Amino acid sequence: MKDDRLHDDDLALANAFRAVRETYDGAHEAPNLTLQRALFRTRTRERKRRVVRWVVLPVAAALFAEAHRLHFVDRDPVRALAAWDRYLAAAPSGRFVPEARYNRALALIRAGRELEAKRELEAFANGTYGGYRRDEARALLDAIDGDASRP
Numbered sequence: 051m052k053d054d055r056l057h058d059d060d061l062a063l064a065n066a067f068r069a070v071r072e073t074y075d076g077a078h079e080a081p082n083l084t085l086q087r088a089l090f091r092t093r094t095r096e097r098k099r100r101v102v103r104w105v106v107l108p109v110a111a112a113l114f115a116e117a118h119r120l121h122f123v124d125r126d127p128v129r130a131l132a133a134w135d136r137y138l139a140a141a142p143s144g145r146f147v148p149e150a151r152y153n154r155a156l157a158l159i160r161a162g163r164e165l166e167a168k169r170e171l172e173a174f175a176n177g178t179y180g181g182y183r184r185d186e187a188r189a190l191l192d193a194i195d196g197d198a199s200r201p
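Using the working numbering, you'd call the opening residue of the sequence shown number 51 and step up by one each time.
Structure (structure tokens):
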């Protein structure tokens, strides 16, 4: 039977993950690279699996919750955008990536960065994420294009 608990030898790596999470502001990619390097330096597949289960996944969930709060509760598009980017960097293939990308596009619109938002929304409108938010993305793209054509 496999031992699924974090052991003392995992604690240094777990603490590195937590320290990076607590200090990472989304402005630099270096902390995220440090996180990735630390994970890949681990020698065993079991140790990686334990660290991912007990450290990385909870970090990603906390980052998603923080981004959600900044976006929907605090309604701060600039800080929400940075938070969505942090979540996407921590969990590039995570369960909530489509929702995070869509919310990131909304934050871009609210921050006045329509060109970047259009690129993100086009992926939804073109079916990159299946039918998820396809109609909403098309409506937003039409609205952005309508606003751009006005003097």
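Ideal placement from N, C-alpha and C gives every residue a C-beta, glycine not left out.
Computed from a predicted model, the values in this text were never measured in an experiment.
DSSP, read as helix, strand or coil, puts G196 in helix.
Taken atom to atom, the span from the alpha-carbon of D126 to that of L113 is near 16 Å. Counting only the Cα atoms, L190 lies some 10 Å from R183.
Where N153 is concerned, the enclosing alpha helix (DSSP H) starts and stops at 147-160.
For E164 and F146, the gap between their C-alpha atoms comes out near 23 Å.
In the three-state DSSP reduction, D126 falls in the coil class, being neither helix nor strand.
Annotation: the continuous alpha helix (DSSP H) that includes L165 extends over 164-175. In chain order, Y137, A140, A141, G144 place their CB closer than 8 Å to the CB of A110, counting only its own chain and leaving out the 5 sequence neighbours on each side.
Minimum Cα-Cα distance from I194 among the listed residues A167, G180, Y179 corresponds to A167. DSSP, reduced to helix, strand and coil, places A141 outside both helices and strands of the structure shown, so it counts as coil. From the listed residues A157, E149, E172, the smallest Cα separation to L120 is found for A157. Between E170 and R151, the CB-CB gap stays under 8 Å.
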